[in-house]
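Residue numbers (the numbering used here): 2 to 193.
Data first, discussion second: the structure below is written as structure tokens.
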């Protein structure tokens, strides 16, 4: 059996001399994920930063695309960018950090129906009382989130509690990206 995408990605990131895995997180939704999340039962997140900071969308994008193992096709690529808006509570340019998602099938659901009503069996012309029907594939989504530096990645990893959706977009004011601690102190005061 060949290794899973999760194993390939983890080994690739761990052996990448230009990258640091700052944090990982996983969430499992089984068996409810088979119904509620279109078959996605396992989410795994890597928070990765370059060894040397990269503070432009172009630099971060090049780094992020270098985190894709050869031979693996991502399901989605969300490129980093800067946009003028007030998403962070301040009007100005905000840096939206990028990520790469990979989906893989990790199993399949099956549904077993045991029919006990003779009238129903006769009505549908069914002789076998038990029927097994293939359902949707059980899937895993692996997300590799990239950050400009290790301090920023650590901040976002620590500020994401169990209640916070790790799939959310990580953003900060572009003017603060290369300033470190001062911005984080202000941000912590605003986050309840």
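Note that CB positions come from ideal geometry on N, CA and C, so glycine has one too.
Just so you know, these numbers come straight off a predicted model, no measurement behind them.
As a quick exercise: from the options, pick the residue whose alpha carbon is nearest that of residue i.
i: residue 27; options: 40, 18, 44, 20; result: 44
i: residue 71; options: 25, 156, 6; result: 6
i: residue 24; options: 30, 115, 15; result: 15
i: residue 146; options: 125, 50, 19; result: 50
i: residue 150; options: 31, 99, 2; result: 99
i: residue 171; options: 113, 59, 66, 83; result: 83
i: residue 64; options: 96, 85, 17; result: 17
i: residue 53; options: 79, 66, 77, 20; result: 20
i: residue 85; options: 95, 46, 13; result: 95
i: residue 76; options: 148, 141, 160, 2; result: 141
Please state whether the Cβ-Cβ distance between residue i and residue j is less than 8 Å.
i: residue 68; j: residue 101; result: yes
i: residue 136; j: residue 117; result: no
i: residue 93; j: residue 139; result: no
i: residue 62; j: residue 81; result: yes
i: residue 143; j: residue 10; result: yes
i: residue 152; j: residue 48; result: no
i: residue 57; j: residue 42; result: no
I believe residue i touches residue j by the beta-carbon criterion, under 8 Å. Please report the beta-carbon distance rounded to the nearest angstrom.
i: residue 195; j: residue 103; result: This structure leaves residue 195 out entirely; the chain is present only between 2 and 193.
Which stretch, first to last residue, makes up the alpha helix (DSSP H) that contains residue i?
i: residue 98; result: First-last for residue 98: undefined, no H or E at that position.
i: residue 11; result: 6 to 16
i: residue 155; result: 151 to 160
i: residue 120; result: 119 to 125
Would you say residue i faces chain B, with C-beta separation under 8 Å as the test?
i: residue 4; result: The structure shown contains no chain B; it holds only a single protein chain.
From what residue to what residue does the beta strand (DSSP E) around residue i run?
i: residue 58; result: Per DSSP, residue 58 belongs to no beta strand (DSSP E); it is in the alpha helix (DSSP H), 58 to 66.
i: residue 28; result: 20 to 29
i: residue 42; result: 41 to 51
i: residue 83; result: 82 to 86
i: residue 78; result: 77 to 79
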